[in-house]
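Peer 1: Just so it is clear: in the sequence shown, position 9 is 240 by the numbering used here, and no numbers are missing.
What follows is a single structure, and I will ask about it in a moment.
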Amino acid sequence: MAINASPMYQKAEERYRCASSPAEKVDALNEMLRLVPKHKASEKLQQLIKERIKKARDEMGKAAKTGAGQQHDPLSVPRQGAGQVLLLGAPNVGKSSIVGALSKAKVEIAEFPFSTHAAVPGMALHEDVPIQLVDAPPVMDGHPQPGMINALRKADAILLVVDLAAIELIDQFQQCVQLLVDHKMSPVSTAELSFEEDGDDSDDDDELGVLGREEDEGAAAALPKRVLVVANKADTSDAMENYETFKELAETDLKMLPISATTGDGLPAMMEELFSLLNVIRVYAKKPGKPVEKKDPIILPVGGTVEDMARTIHNEMADNLKHARIWGGTVHDGQQVTGGHVLTDKNVVELHV
Ligand SMILES: Nc1nc2c(ncn2[C@@H]2O[C@H](COP(=O)(O)OP(=O)(O)OP(=O)(O)O)[C@@H](O)[C@H]2O)c(=O)[nH]1
Ligand SMILES: [Mg+2]
């Protein structure tokens, strides 16, 4: 892309794509406007973003007048932590048990199906990185509860849960995948999303990214959705045999793991997979003259720079940034770098303004 958009911008653009209300669109567009590189080549794009903000604001105004858009989104949960992961699965597969095992969330666990009726968020840790797991009601025969599709679109990743003790294991999996496909989401196992459309976009459109293409979005391409498949109840008899059969018959490239919410087996591996799926890194801010203290990581998209990090602390910090010193990763300890330096996971960064 000629405008050289940063990973932070692309993240905001991803949110814009998944937005299900005008308010969310305005929010994401404002973020895009803030993050878009301000130079000659991006003037057209900046203009387009402003137009889209105006359009979304108008929609918000209309919705407020008619009362439409006021209906609340029953399964929507504000995003927190390094990313939001929504659990998707048939009844009784152990979704609530997984969220309960990894967080302090007060989930409803029962031997009978359809025990969960609302979205319940819980904060789970991968090492020191908080990842938000959202327990959700089950889907059965491709019939999601109201709000489920919106929630799926908005989540950064989906944890598709199946039950190794259930005879209908393959069906459970296929129905979930079908649900996504039916609602224009295309499940992928890759952290890096590619938003390529079919058809012959002109260079001009390409430069303008999502916004340049959305006018003729009649046959919009599916939204790529990060999915990790977990086969739960690995502690039950014949579970591993069933897992092997499942892997063979599911005919999917999606990444999958056997886990047990009851014994905890596989849960750390699952969290690690989710962390890499979310396509983020954690970095630590160090105050000049103070010792390195690895706590309260700052989360950035993969490819995030020193300047991006400064901006998450304060805009002024980024604007006045002179240089930074970095510890850990591929640099020499304490090496001096400029704002454009791309950070890697677990870097410790001392910002100098
Ligand atoms: N053996 C075994 N049982 C499990 C495991 N995880 C969950 N269960 C049991 O499976 C049943 C259903 O668990 P839930 O966590 O309520 O399942 P759910 O998917 O949230 O169910 P709904 O909300 O109704 O869709 C409960 O009796 C759990 O104790 C597991 O890893 N191993
Ligand atoms: Mg449940």
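The beta carbon of each residue, even a glycine, is placed where N, CA and C say it ideally should be.
This one's a predicted model, so the numbers in the text were calculated from it and none came from an experiment.
At what residues does the alpha helix (DSSP H) containing Ile-398 begin and finish?
Peer 2: Note, Ile-398: premise wrong, no alpha helix (DSSP H); not H, not E.
Peer 1: Between the region 339-354 and the region 364-373, are three or more C-beta pairs nearer than 8 Å?
Peer 2: Touching, yes, given that three or more Cβ pairs across the two stretches are closer than 8 Å.
Peer 1: Which runs of the alpha helix (DSSP H) spanning at least 4 residues fall entirely within the region 472-544, listed in chain order?
Peer 2: You should have 498-508, 537-544.
Peer 1: At which residues does the alpha helix (DSSP H) containing Gln-277 begin and terminate?
Peer 2: Unbroken alpha helix (DSSP H) run through Gln-277: 274-297.
Peer 1: Report the partner residues of Ser-417 according to the DSSP bridge assignment.
Peer 2: In the DSSP output, where bridge partners are listed per residue, Ser-417 has Pro-455.
Peer 1: If you drop the 5 nearest sequence neighbours on each side, which residues of the same chain put their C-beta closer than 6 Å to that of Val-579?
Peer 2: For Val-579, where only same-chain residues beyond five positions count, the Cβ hits under 6 Å are Tyr-515, Lys-517, Val-523, Trp-558, Gly-559.
Peer 1: Taking all protein chains shown into account, do 16 or more other C-beta atoms lie within 10 angstroms of the C-beta of Gly-353, making it buried, or fewer, making it exposed?
Peer 2: Flag for Gly-353 reads buried.
Peer 1: DSSP puts Val-568 in a beta bridge; with which residues?
Peer 2: Ala-555, per the DSSP bridge assignment.
Peer 1: Using a threshold of 7 Å, is the CB atom of Asp-366 nearer than that to any non-hydrogen atom of ligand 2?
Peer 2: Yes.
Peer 1: Run through the DSSP bridge pairs and tell me what Val-580 is partnered with.
Peer 2: Ala-516, Ile-557, per the DSSP bridge assignment.
Peer 1: By alpha-carbon positions, which one of Gly-534, Met-548, Ile-280 ends up nearest to Glu-423?
Peer 2: With distances taken between Cα atoms, Glu-423 lies closest to Gly-534.
Peer 1: Indicate, with yes or no, if ligand 1 has a heavy atom lying under 7 Å from the CB of Pro-532.
Peer 2: Every heavy atom of ligand 1 is 7 Å or more from the Cβ of Pro-532, so no.
Peer 1: I want to check one thing, is the minimum distance from the CB of Lys-415 to the heavy atoms of ligand 2 below 7 Å?
Peer 2: No, the beta carbon of Lys-415 sits no closer than 7 Å to any heavy atom of ligand 2.
Peer 1: Specify the secondary structure class of Leu-306 as computed by DSSP and reduced to three states.
Peer 2: DSSP places Leu-306 in coil when its eight states are reduced to three.
Peer 1: Please report the straight-line C-alpha distance between Val-308 and Ala-332, rounded to a whole angstrom.
Peer 2: Distance between the alpha carbons of Val-308 and Ala-332: 20 Å.
Peer 1: Is the number of C-beta pairs between the region 367-384 and the region 310-318 that are closer than 8 Å three or more?
Peer 2: Flag = yes, the region 367-384 and the region 310-318 touch.
Peer 1: Terminal residues of the continuous alpha helix (DSSP H) containing Asp-550?
Peer 2: Counting along the chain, the alpha helix (DSSP H) containing Asp-550 begins and ends at 546-550.
Peer 1: Taking the alpha carbon of Leu-400 as the point to measure from, which residue in Ala-481, Thr-543, His-270 has its own alpha carbon closest?
Peer 2: When only C-alpha atoms are compared, the closest one is Ala-481.
Peer 1: As an exercise, report each continuous alpha helix (DSSP H) stretch of at least 4 residues that is fully enclosed by the region 339-386, in chain order.
Peer 2: For the region 339-386, whole alpha helix (DSSP H) runs of length 4 or above, ordered along the chain, are 379-385.
Peer 1: Hey, Glu-538 and Gly-570 are a contact pair by Cβ (cut 8 Å); roughly how many whole angstroms apart?
Peer 2: 4 Å between Cβ atoms; contact.
Peer 1: Tell me whether Gly-373 counts as near ligand 1, meaning its Cβ is closer than 7 Å to at least one heavy atom of that ligand.
Peer 2: No - ligand 1 has no heavy atom lying nearer than 7 Å to the Cβ of Gly-373.
Peer 1: What residues are listed by DSSP as bridge partners for Ile-389?
Peer 2: Its beta-bridge partners are Leu-317, Val-458.
Peer 1: DSSP beta-bridge partners for Asn-463?
Peer 2: Partner(s): Asp-394.
Peer 1: For Gln-566, which residues of its own chain have a beta-carbon under 7 Å away from its beta-carbon, when the five flanking residues on both sides are left out?
Peer 2: Counting only Cβ-Cβ distances below 7 Å, and skipping sequence neighbours, we find Arg-556, Ile-557.
Peer 1: Run the CB neighbour count on Met-471, radius 10 Å, all protein chains shown included, and call it buried at 16 or more, exposed below.
Peer 2: Exposed is the call here.
Peer 1: Out of Glu-504, Val-573, Thr-575, Thr-561, point me to the one whose CA is closest to His-357's CA.
Peer 2: With distances taken between Cα atoms, His-357 lies closest to Glu-504.
Peer 1: Is Met-232 helix, strand or coil by DSSP?
Peer 2: Its pLDDT being 47, under 50, Met-232 is placed unreliably by the model, and the measurement read from it follows with that caveat. Met-232 falls in the coil class under three-state DSSP.
Peer 1: Below 8 Å between beta carbons: does that hold for Val-393 and Val-324?
Peer 2: Contact flag set, yes.
Peer 1: Could you name the residues of the same chain whose beta carbon sits closer than 6 Å to that of Asp-431, not counting the 5 residues immediately before and after it, in chain order?
Peer 2: Caution is warranted here: a pLDDT of 46 is assigned to Asp-431, below 50, making its placement in the model unreliable, and no coordinate value can be reported.
Peer 1: Any heavy atom of ligand 2 closer than 7 Å to the Cβ of Thr-347?
Peer 2: Yes, Cβ of Thr-347 sits closer than 7 Å to a heavy atom of ligand 2.
Peer 1: Pop quiz: Phe-506 and Ile-362 are said to be a contact at Cβ under 8 Å. What is the actual Cβ separation, rounded to whole angstroms?
Peer 2: Sure, about 7 Å apart at Cβ, within 8 Å.
Peer 1: From what residue to what residue does the alpha helix (DSSP H) around Leu-333 run?
Peer 2: Its alpha helix (DSSP H) spans residues 326-333.
Peer 1: Identify the residues that DSSP records as bridge partners of Val-573: which are they?
Peer 2: DSSP output for Val-573 lists Thr-536 as bridge partner(s).
Peer 1: Taking Lys-256 as the reference, which of Pro-377, Met-416, Ile-284 has the closest Cα?
Peer 2: If we check each option's Cα against that of Lys-256, Ile-284 comes out closest.
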